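Novice: Residue numbers (full-length UniProt numbering), protein chains in the order written: chain A, 1 to 257; chain B, 1 to 257.
By construction, the Cβ of each residue, glycine as well, lies at the ideal position given by its N, Cα and C atoms.
Computed from a prediction, not measured in an experiment: that's the story for all the values here.
Just passing along the structure, written as structure tokens.
Protein chains: 2
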Amino acid sequence: MPIIQSVDRALRILDLFDEYESELKITDISSRMNLHKSTVHSLLKTLQHYNYIEQNLENGKYKLGMKLFERGNFVIHNLDIRSVAKKHLMELSMKTGNTIHLVILDGKEGVYIDKVEGSAATILYSRIGRRIPVHCSAVGKALVAFKSQEELAAILKDYEYISQTPKTITNEKDFLIELDNVRKEGFAMDNQENEAGVSCISVPIRDHSEHVIAAISMSQPVHRINKKAIKEIAEMLKETAENISRELGFGVKASSI
Amino acid sequence: MPIIQSVDRALRILDLFDEYESELKITDISSRMNLHKSTVHSLLKTLQHYNYIEQNLENGKYKLGMKLFERGNFVIHNLDIRSVAKKHLMELSMKTGNTIHLVILDGKEGVYIDKVEGSAATILYSRIGRRIPVHCSAVGKALVAFKSQEELAAILKDYEYISQTPKTITNEKDFLIELDNVRKEGFAMDNQENEAGVSCISVPIRDHSEHVIAAISMSQPVHRINKKAIKEIAEMLKETAENISRELGFGVKASSI
DNA sequence: TTAATTGGTTTTATATTATAAAACTGCGTT
DNA sequence: AACGCAGTTTTATAATATAAAACCAATTAA
Numbered sequence: 001m002p003i004i005q006s007v008d009r010a011l012r013i014l015d016l017f018d019e020y021e022s023e024l025k026i027t028d029i030s031s032r033m034n035l036h037k038s039t040v041h042s043l044l045k046t047l048q049h050y051n052y053i054e055q056n057l058e059n060g061k062y063k064l065g066m067k068l069f070e071r072g073n074f075v076i077h078n079l080d081i082r083s084v085a086k087k088h089l090m091e092l093s094m095k096t097g098n099t100i101h102l103v104i105l106d107g108k109e110g111v112y113i114d115k116v117e118g119s120a121a122t123i124l125y126s127r128i129g130r131r132i133p134v135h136c137s138a139v140g141k142a143l144v145a146f147k148s149q150e151e152l153a154a155i156l157k158d159y160e161y162i163s164q165t166p167k168t169i170t171n172e173k174d175f176l177i178e179l180d181n182v183r184k185e186g187f188a189m190d191n192q193e194n195e196a197g198v199s200c201i202s203v204p205i206r207d208h209s210e211h212v213i214a215a216i217s218m219s220q221p222v223h224r225i226n227k228k229a230i231k232e233i234a235e236m237l238k239e240t241a242e243n244i245s246r247e248l249g250f251g252v253k254a255s256s257i
Numbered sequence: 001m002p003i004i005q006s007v008d009r010a011l012r013i014l015d016l017f018d019e020y021e022s023e024l025k026i027t028d029i030s031s032r033m034n035l036h037k038s039t040v041h042s043l044l045k046t047l048q049h050y051n052y053i054e055q056n057l058e059n060g061k062y063k064l065g066m067k068l069f070e071r072g073n074f075v076i077h078n079l080d081i082r083s084v085a086k087k088h089l090m091e092l093s094m095k096t097g098n099t100i101h102l103v104i105l106d107g108k109e110g111v112y113i114d115k116v117e118g119s120a121a122t123i124l125y126s127r128i129g130r131r132i133p134v135h136c137s138a139v140g141k142a143l144v145a146f147k148s149q150e151e152l153a154a155i156l157k158d159y160e161y162i163s164q165t166p167k168t169i170t171n172e173k174d175f176l177i178e179l180d181n182v183r184k185e186g187f188a189m190d191n192q193e194n195e196a197g198v199s200c201i202s203v204p205i206r207d208h209s210e211h212v213i214a215a216i217s218m219s220q221p222v223h224r225i226n227k228k229a230i231k232e233i234a235e236m237l238k239e240t241a242e243n244i245s246r247e248l249g250f251g252v253k254a255s256s257i
């Protein structure tokens, strides 16, 4: 049996704190743990030494410390999207036969960080690491549409609306209207704005902080696109994105007032 | 010396994981801690038992576990603004002699959740629990100016711009322009828009998630207000707000890609 | 004012248990 | 097939975690 008793006890103490009792007295802990109060005292002082526990000097009570937040944040930081998303993207690709892309925002551009090839003919040139402008791509729109006004303003400052096809949006006013629409619909699409003959649909992925941190997309030759197809694809993408988001901590106990 | 060695070692192991090495082998840990690998093994298994550590089954390496995130979130959740803000508000009130208010957003209105009376004559009727519209108050503007477009839209949907004084802003267009200005300046003010003869200056408080969760404000009789005074007050409020925000976890290692 | 209660801290002896050595398993490489 | 490497299990013993008792400080009761 490799369980170390004192460590085990220290960790169980951390678990005692809950919604209803965020501060505990030594004697409370000692009676609940069936340990002598001097033993609990030593355990607490050790935990306190590394800030896993803090003491309220006003009343002597103990509570969980900031170190837990710091380390906890680190865990989430290191849950990388790519590995979490992989199996979901494969599933969706399998189901539809299409190629699925995973894209993040870097500065003012999207960057493809993963793709899963489908059985259907490849219609869009892509490569992991490739960059794509936000103003003319479904993924770009999905990535920026949910940013705060400040962040969006920073991205659009001195933005160059380079024209890729005759359909490309080339001014801020139209682009903002387009983003409004993305927010309303919950998905983004480009209508041959990036490559003639190709249309792309994309939805955002959020993490524990509720911020959009990535987008997934599916591309279609334009002749296969119609109202019904768009709706179907958007629904499937949304479902997949929701599953990924959840696995990244989205909806895990929002912390607000 | 009340430090318990095995607990101390377990906690130090948790601290070994960092940005560059989020997964570690037992032998790595053992050499860095100057402990025998079987000792480290026991410690890890104990930590793993409560999910403070997880093992990557593909390569046998260990990494921080989800429990840390769970407990960390709990710490933040239980840090309540009021108690954290109190001493900062008292300090500012003492320094300036003015009454300081602490306000949060509830639905489409601000709610006063705390106030610290200054020595100067009271000029604004206020009471903890009192509600105040967002469109005609400095605190209201500070609370909503940094919301996402979606949240702001939800607040302003069917919003009634009730006129409180001849100076009250009574339409969305002007209000949005005003909010733009708040974002640009970093502080909000009302210019007798809520009560004739009184002007108020307010700045937002953010928490670990970087969202605005409250605002603090200082009120002045209008005859004491001028460019220089506004600037001075705004600076003091900003400094206080920054201190509170920091204590609430703002800037403690943002987690994004 | 003093006694009693409650809760946290410190000290200490001893019985428990954390530790490291050594042996074992399983995997990949040569 | 043999070697090296990493994780795991077992075991004896030396180290230390534990609880008892005493102490301190603050609050409440008499």
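(1) Starting from residue 8(A), find everything on chain B with Cβ-Cβ shorter than 9 Å and list it in chain order.
(2) Quick check on DSSP: helix, strand or coil for residue 65(A)?
(3) If you reduce the DSSP assignment to three classes, tell me which class residue 173(A) lands in.
(4) Label residue 92(B) either buried or exposed according to how many other C-beta atoms from any shown protein chain fall within 10 Å of its C-beta, with 16 as the threshold for buried.
(5) Out of 89(B), 249(B) and 170(B), point me to the one whose CA is closest to residue 206(B)'s CA.
(6) Quick one, are the C-beta atoms of residue 146(A) and residue 148(B) less than 8 Å apart?
(7) By how many angstroms is the C-alpha of residue 109(A) removed from the C-alpha of residue 68(A)?
(8) Taking residue 35(A) as the reference, which of 176(A), 54(A), 13(A) and 45(A) has the closest Cα?
(9) Taking 8 Å as the CB-CB cut-off, is residue 219(A) touching chain B?
(10) Along the chain, where does the beta strand (DSSP E) that runs through residue 101(A) open and close?
(11) For chain B, is any of its Cβ atoms less than 8 Å away from the one on residue 2(A)?
(12) By alpha-carbon positions, which one of 65(B), 84(B), 80(B) and 153(B) ends up nearest to residue 74(A)?
(13) Counting only Cβ-Cβ distances shorter than 9 Å, please list the residues of the region 143 to 159 of chain B near chain A, keeping chain order.
(14) Starting from the Cα of residue 25(B), find the closest Cα among 243(B), 58(B) and 51(B) and give me that residue.
(15) Give the straight-line distance between the Cα atoms of residue 177(A) and residue 154(B), rounded to the nearest whole angstrom.
(16) Locate the beta strand (DSSP E) running through residue 194(A), then write down its first and last residues.
(17) For residue 30(A) versus residue 4(B), is the C-beta distance shorter than 8 Å?
(18) Take every Cβ of the region 157 to 166 of chain A, pair it with every Cβ of the region 130 to 144 of chain A, and state whether three or more of those distances are shorter than 8 Å.
(19) Where does residue 237(A) sit, in a helix, a strand or coil, going by DSSP?
(20) Runs of 4 residues minimum, wholly inside the UniProt domain "HTH iclR-type" (4 to 66) of chain B: which ones carry the alpha helix (DSSP H) assignment?
(21) Which of the three DSSP states is assigned to residue 183(B) in this structure?
(22) Does any residue of chain A bring its CB to less than 8 Å from the CB of residue 41(B)?
(23) Quick one: give me the first and last residue of the beta strand (DSSP E) that residue 215(B) is part of.
(24) In whole angstroms, what is the alpha-carbon distance linking residue 115(B) and residue 239(B)?
(25) Leaving out five residues before and five after residue 172(A) in sequence, what residues of the same chain have Cβ atoms less than 8 Å from its Cβ?
(26) Can you give the Cα-Cα distance for residue 103(B) and residue 193(B), rounded to whole angstroms?
(27) Is it buried or exposed for residue 229(A), if we count other Cβ within 10 angstroms and need 16 for buried?
(28) From the DSSP output, which residues share a beta bridge with residue 115(B)?
(29) Which chain B residues sit within Cβ distance under 7 Å of residue 66(A)?
(30) Using the Cα positions of residue 258(A) and residue 141(A), report the straight-line distance between them to the nearest angstrom.
(31) When you compare only the Cα positions, how much space is there between residue 181(B) and residue 186(A)?
(32) Given that residue 14(B) touches chain A, what residues does it touch there, using C-beta distances under 7 Å?
(33) Of the residues 95(A), 196(A) and 17(A), which one's Cα is nearest the Cα of residue 233(A)?
(34) For chain B, is any of its Cβ atoms less than 8 Å away from the one on residue 11(A)?
(35) Under a Cβ-count criterion, where at least 16 other Cβ atoms within 10 Å of its own Cβ denotes burial, should residue 195(B) be classed as buried or exposed?
Specialist: Well, looking at it:
(1) Counted from its first residue, the first sequence places residue 8(A) at position 8. Result: 46, 49 and 50.
(2) Residue numbering aside, residue 65(A) sits at position 65 when the first sequence is read from its first letter. Looking at residue 65(A) - three-state DSSP - the assignment turns out to be coil, as it is neither helix nor strand.
(3) Taking the first residue of the first sequence as position 1, residue 173(A) is located at position 173. Residue 173(A): helix per DSSP, three-state reduction.
(4) Here residue 92(B) refers to the residue found at position 92 of the second sequence. Classification of residue 92(B): buried, given that the 10 Å Cβ count is 16 or more.
(5) In the second sequence, counting from the first residue as 1, residue 206(B) sits at position 206. The shortest CA-to-CA distance from residue 206(B) to any of 89(B), 249(B) and 170(B) is the one to 249(B).
(6) Counted from its first residue, the first sequence places residue 146(A) at position 146. Counted from its first residue, the second sequence places residue 148(B) at position 148. Taking 8 Å as the Cβ cut-off, residue 146(A) and residue 148(B) qualify as a contacting pair.
(7) The sequence position of residue 68(A) within the first sequence is 68, counting from 1. The sequence position of residue 109(A) within the first sequence is 109, counting from 1. C-alpha separation (whole angstroms): 34 Å.
(8) For the purposes of this step, residue 35(A) is taken as residue 35 along the first sequence, with counting starting at 1. Across the set 176(A), 54(A), 13(A) and 45(A), the C-alpha of 13(A) shows the shortest separation from the C-alpha of residue 35(A).
(9) For the purposes of this step, residue 219(A) is identified with residue 219 of the first sequence, where counting begins at 1. The beta-carbon of residue 219(A) is placed no less than 8 Å from the nearest beta-carbon of chain B.
(10) Start at 1 with the first residue of the first sequence, and residue 101(A) comes out as number 101. Where residue 101(A) is concerned, the enclosing beta strand (DSSP E) stretches over 100 to 106.
(11) As a working mapping, residue 2(A) is identified with position 2 in the first sequence. So yes, residue 2(A) belongs to the interface.
(12) Along the first sequence, read from residue 1 onward, the residue named residue 74(A) stands at position 74. Looking at 65(B), 84(B), 80(B) and 153(B), the one whose alpha-carbon comes closest to that of residue 74(A) is 65(B).
(13) Residues of the region 143 to 159 of chain B with a C-beta atom less than 9 Å from some C-beta of chain A are 145, 146, 147, 148, 149, 150, 152 and 153, listed in chain order.
(14) For the purposes of this step, residue 25(B) is taken as the residue at position 25 of the second sequence. Comparing Cα positions, the closest option is 58(B).
(15) Your numbering for residue 177(A) matches position 177 in the first sequence. Your numbering for residue 154(B) matches position 154 in the second sequence. Straight-line measurement puts the Cα of residue 154(B) at about 17 Å from the Cα of residue 177(A).
(16) Taking the first sequence and counting its residues from 1, one reaches residue 194(A) at position 194. Note, residue 194(A): premise wrong, no beta strand (DSSP E); not H, not E.
(17) By one-based count along the first sequence, residue 30(A) stands at place 30. By one-based count along the second sequence, residue 4(B) stands at place 4. No, the Cβ-Cβ distance between residue 30(A) and residue 4(B) is not below 8 Å.
(18) With a cut-off of 8 Å, the region 130 to 144 of chain A and the region 157 to 166 of chain A count as touching, because enough Cβ pairs lie within range.
(19) As a working note, residue 237(A) is residue 237 in the first sequence. In this structure, residue 237(A) counts as helix in the three-state DSSP scheme.
(20) Here the runs fully enclosed are 5 to 16, 26 to 33 and 37 to 49.
(21) Within the second sequence, numbered from 1, the residue matching residue 183(B) stands at position 183. Helix.
(22) Residue mapping note: residue 41(B) aligns to position 41 of the second sequence, counting from 1. It does; some Cβ of chain A falls within 8 Å.
(23) Residue 215(B) sits at position 215 when you count from the first residue of the second sequence. Residue 215(B): member of the beta strand (DSSP E) spanning 212 to 221, first to last residue.
(24) Counted from its first residue, the second sequence places residue 115(B) at position 115. Counted from its first residue, the second sequence places residue 239(B) at position 239. Linking residue 115(B) to residue 239(B) through their CA atoms gives a straight-line distance of about 18 Å.
(25) One-based indexing of the first sequence puts residue 172(A) at position 172. Closer than 8 Å at Cβ, skipping near neighbours: 156, 159 and 161.
(26) Locating residue 103(B) in the second sequence gives position 103, counting from the first residue. Locating residue 193(B) in the second sequence gives position 193, counting from the first residue. Straight-line spacing of the CA atoms in residue 103(B) and residue 193(B) works out to 18 Å.
(27) In the first sequence, residue 229(A) corresponds to position 229, counting from 1. Counting the other CB atoms within 10 Å of its CB gives residue 229(A) a total below 16, which places it among the exposed residues.
(28) In the second sequence, counting from the first residue as 1, residue 115(B) sits at position 115. Per DSSP, the beta bridge partners of residue 115(B) are 101(B).
(29) Reading the first sequence from its first residue, position 66 is the one you call residue 66(A). Here the neighbours are 75.
(30) Shown here, chain A extends from 1 to 257; a query on residue 258(A) therefore has no answer.
(31) As a first step, residue 181(B) must be located in the second sequence, where it is residue number 181. As a first step, residue 186(A) must be located in the first sequence, where it is residue number 186. If I take the Cα positions, the gap works out to 29 Å.
(32) Counted from its first residue, the second sequence places residue 14(B) at position 14. By Cβ distance, chain A contributes 71.
(33) Here residue 233(A) is taken as the residue at index 233 of the first sequence, counted from 1. Closest option to residue 233(A), judged by alpha-carbon separation, among 95(A), 196(A) and 17(A): 95(A).
(34) Position 11 of the first sequence, counting from 1, holds the residue named residue 11(A). Interface residue, yes.
(35) Locating residue 195(B) in the second sequence gives position 195, counting from the first residue. Buried is the call here.
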